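Chemist: In full-length UniProt numbering, the protein residues as written are 1 to 119.
Just so you know, even glycine gets a beta-carbon here, dropped at the ideal spot from N, CA and C.
Quick caveat: nothing in here was measured; it's all calculated off a predicted structure.
(1) Between the alpha carbons of residue 61 and residue 75, how many angstroms are there, rounded?
(2) State the Cα-Cα distance for the pair residue 19 and residue 26, rounded to the nearest angstrom.
(3) Could you check the C-alpha separation between residue 97 and residue 48 for me, to the nearest Å?
(4) Ignore the nearest five residues each way along the sequence and tell me which others in residue 29's own chain have a CB closer than 7 Å to its CB.
(5) Select from 51, 40, 78, 13 the residue whose C-alpha is nearest the C-alpha of residue 65.
(6) Excluding sequence positions up to five away, which residues of its chain have a Cβ less than 7 Å from the Cβ of residue 91?
(7) I'd like the ranges of any alpha helix (DSSP H) spanning at least 4 consecutive residues and lying wholly in the segment 10 to 93.
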């Protein structure tokens, strides 16, 4: 072992993550496992559209896990991305994607105004 450490040879285990595409429950996303590249993290994306929530999980590059990509709200669509770096760490769903009440209100107001103008 000392000789191996001298030459810098170590057995490195690859990162593994739960993997799924568009499952409608977090539990359904935890049956398939994916092996990732060395520069990867595990990612969970939770997207809510009109009250319907979908989960996607898998390996991700660091840029996919940036803070600017972590929470997105557009009208009645909410999305949250959560990344981690231990094997099978993406077992939990990202802390729920929430709708932004202000954007929901603005969207409703705009739809109302467009309806008033069209009449």
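Modeler: Quick answer:
(1) In this structure, the straight-line span from the alpha carbon of residue 61 to that of residue 75 is close to 28 Å.
(2) Those two C-alpha atoms are separated by around 11 Å.
(3) Unreliable positioning characterises residue 97 in this predicted model, as indicated by a pLDDT of 40, which lies under 50. A coordinate reading is not provided.
(4) Counting only Cβ-Cβ distances below 7 Å, and skipping sequence neighbours, we find 18, 20, 23, 55, 57.
(5) Comparing C-alpha distances from residue 65 to each of 51, 40, 78, 13 shows the shortest one belongs to 40.
(6) Apart from the 5 residues on each side of it in sequence, residue 91 sits with its Cβ closer than 7 Å to the Cβ of 18, 30 in its chain, given in chain order.
(7) Runs found: none.
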